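Chemist:
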Amino acid sequence: MRIAVAMSGGMDSTAAAFLLKNEGHELLGLHMRLHSASDSSWLQARHAAEQLGITIRAVDLSLEFCKYVVEPFLDQYLRGLTPSPCPQCNRRIKFGLLRERARSLGCDVLATGHYARIALSGRLLKGIDTSKDQSYFLFNLPATALGSVLFPLGDYAKADIRDMLRREGIAAAHSEESQELCFIPGGDYRLFLREKGIPEKPGSILNIRGEYLGRHSGIAHFTVGQRRGLGICAPRPLYVVRIDPAANSVIVGFKEETLQQKLWIRNLNVFPLHSVSRGDRFQVKVRSTSRAAWCSVSDIRQDRIELTLDCPQSGIAPGQAAVLYLEDEVVGGGWIQGTGSPED
């Protein structure tokens with residue numbers, strides 16, 4: 004079987020190619036050029052392909068990446084949301100346009116270095132290494148994609164993958180793990196927004212009773228659940244409770260004032276073999292780093308569903324994804340639009 008492998012030049016995508024080559028598959032490496040920081044990663048990807056003895060091609064998707072990922076990211080910041088661009092990039096770019104390019108080059112399957120698994124029945128599962136599991140970022144893949152993608156790393160722990168590449172003398176074993184968005188090198192969001200022409204419009208910081216506490220330099224610099232960088236003295240730590248873009252205000256409160264038990268989500272994507280109905284019970288992750296928590300589907304409207312958590316949680320941020328699980332299996336998910344009831 005001829006398989007295309009998405010190769011960034013990092014450890015995980017290189018390891019995916021290494022494992023598949025050892026299984027005897029014919030491979031074609033595909034490297035996505037997405038932004039100005041892609042030049043160095045292209046050199047790393049070429050070197051990895053040379054070490055593995057496979058052909059690699061660069062695929063320029065920079066215009067599409069800007070349209071479907073970067074521009075919506077900026078728009079969400081302006082609207083006081085907390086963007087999560089990786090799921091959208093996976094759906095539109097990696098498992099959309101890149102998968103189409105792989106098909107045009109005679110490859111039936113696209114493999115990536117995600118830590119997730121696909122069962123024989125086509126169900127999406129968490130990766131074995133729960134500390135590195137990336138199934139959260141794959142919740143909105145089109146159902147048709149699951150039958151033509153591979154995640155070779157899903158059955159491995161990341162530490163074992165690194166050790167394997169080191170033993171084989173593959174340079175990618177020594178690459179550092181990225182902790183920021185690929186299109187914001189160094190993670191300097193303020194500089195990135197300034198370079199993109201997003202104005203810093205000062206406004207008020209209020210408590211949940213509407214009382215004035217101080218000034219902020221722009222709502223784009225804040226996210227729900229944030230504690231550091233508020234610039235306010237208080238007897239106890241304060242956290243961002245919500246952002247009001249219409250009033251250009253940041254509302255803060257003490258830890259107990261950040262807790263929410265209801266959230267509603269839109270654009271629900273549900274994988275085949277599953278359904279979501281009122282009263283159903285699931286585990287939900289409201290951020291990629293949060294623990295899955297039990298919830299019930301308490302309301303269903305035409306364009307959204309309401310979830311009620313068994314135990315209130317903090318840091319539920321509009322703009323982030325809420326992903327539903329049944330144990331290790333991804334049921335689906337959607338985008339958080341708000342907390343409380345839809346009428347609130």
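Using the numbering used here, you'd call the opening residue of the sequence shown number 4 and step up by one each time. All residues carry an ideal CB built from backbone N, CA and C; glycine is no exception. Predicted, not measured: the structure shown is a model, and the values here were computed from it.
Does the contact criterion of 3 or more C-beta pairs under 8 Å hold for the region 231-249 versus the region 292-302?
Modeler: Taking 8 Å as the limit for Cβ pairs, the verdict is that the region 292-302 does not touch the region 231-249.
Chemist: Would the beta-carbon of Q264 fall within 8 Å of that of P315?
Modeler: Yes.
Chemist: Which residues in the same chain have their Cβ closer than 7 Å to the Cβ of I201, if we skip the five residues on either side of it in sequence?
Modeler: Result list for I201: L77, Y80, L81, A223, in chain order.
Chemist: Does V279 come out as helix, strand or coil in the three-state DSSP assignment?
Modeler: It is coil, neither helix nor strand.
Chemist: Can you round the beta-carbon distance between G157 and A119 to whole angstroms, since I take them to be within the 8 Å contact cut?
Modeler: Indeed, because the Cβ distance is near 5 Å, the residues count as touching under 8 Å.
Chemist: Between which residues of its own chain and P275 is the CB-CB distance below 6 Å, once the five residues before and five after are set aside?
Modeler: Here the set comprises A146.
Chemist: What does the alpha-carbon distance come out to for the pair L310 and V287?
Modeler: Distance between the alpha carbons of L310 and V287: 9 Å.
Chemist: Given G228, which residues of its chain have a CB within under 7 Å of its CB, disregarding the five upstream and five downstream residues?
Modeler: Taken in chain order, the residues that qualify are Y242, V243, T261, S317, G318, A320.
Chemist: What is the DSSP secondary structure of G83, counted as helix, strand or coil?
Modeler: Residue state, collapsed to three classes: coil.
Chemist: Report all residues from its chain with a CB closer than 7 Å to the CB of Y71; omit the five preceding and five following residues, and keep chain order.
Modeler: So the list reads Q91, R95, I96, once near-sequence residues are dropped.
Chemist: Start and end of the alpha helix (DSSP H) containing F68?
Modeler: Here the alpha helix (DSSP H) through F68 covers 65-68.
Chemist: Based on Cα-Cα distance, which residue from S178, A52, V253, A250 lies nearest to A162?
Modeler: Closest option to A162, Cα to Cα, is S178.
Chemist: Using only CA atoms, which one of A51, H38, L46 lies nearest to A20?
Modeler: Among A51, H38, L46, the Cα nearest to that of A20 is on A51.
Chemist: Quick one: which unbroken beta strand (DSSP E) runs of 3-plus residues sit fully inside the region 86-161? Chain order, please.
Modeler: Runs of the beta strand (DSSP E) inside the region 86-161: 112-114, 119-121, 127-129.
Chemist: Considering only their Cβ atoms, is the gap separating I164 from A18 smaller than 8 Å?
Modeler: Yes, the pair counts as a contact, with Cβ atoms nearer than the cut-off.
Chemist: According to DSSP, is P240 helix, strand or coil?
Modeler: Residue state, collapsed to three classes: coil.
Chemist: Would a C-beta distance cut-off of 8 Å place R36 and L66 closer than the cut-off?
Modeler: Their beta carbons are not under 8 Å apart, which means R36 does not touch L66 by this criterion.
Chemist: Spatial neighbours of I308 within its chain, please: CB distance less than 8 Å, with the 5 preceding and 5 following residues excluded, ordered by chain position.
Modeler: If we look at I308 and ignore the five residues flanking it on each side, its Cβ neighbours are W267, I268, L271, V279, V300, D302, G337.
Chemist: Once the 5 residues before and after V197 are set aside, which same chain residues still bring their CB inside 8 Å of it?
Modeler: According to the sequence as given, residue 197 is Arg; it is not Val. Once the five neighbours on either side are set aside, the close Cβ partners of R197 are E203.
Chemist: Measure the CB-CB distance between N210 and G256 and report whether it falls below 8 Å.
Modeler: Contact: yes.
Chemist: Exposed or buried, which one is K258 when buried takes at least 16 other CB atoms within 10 Å?
Modeler: So K258 ends up on the exposed side.
Chemist: Classify D313 as helix, strand or coil using the three-state DSSP reduction.
Modeler: Reduced to three states, the DSSP call for D313 is strand.
Chemist: Which residue marks the beginning of the beta strand (DSSP E) containing L329, and which one marks its end?
Modeler: Counting along the chain, the beta strand (DSSP E) containing L329 begins and ends at 324-329.
Chemist: Would you identify the three-state DSSP class for D78, choosing helix, strand or coil?
Modeler: D78: helix per DSSP, three-state reduction.
Chemist: Have a look at R104 and Q340 and give me their C-alpha separation to the nearest angstrom.
Modeler: For R104 and Q340, the distance between alpha carbons rounds to 33 Å.
Chemist: Going by beta carbon distance, what residues of the same chain come within less than 6 Å of F62, once the five residues before and after it are set aside?
Modeler: For the record, residue 62 in the displayed sequence is Val; it is not Phe. Taken in chain order, the residues that qualify are L33, M35, R104.
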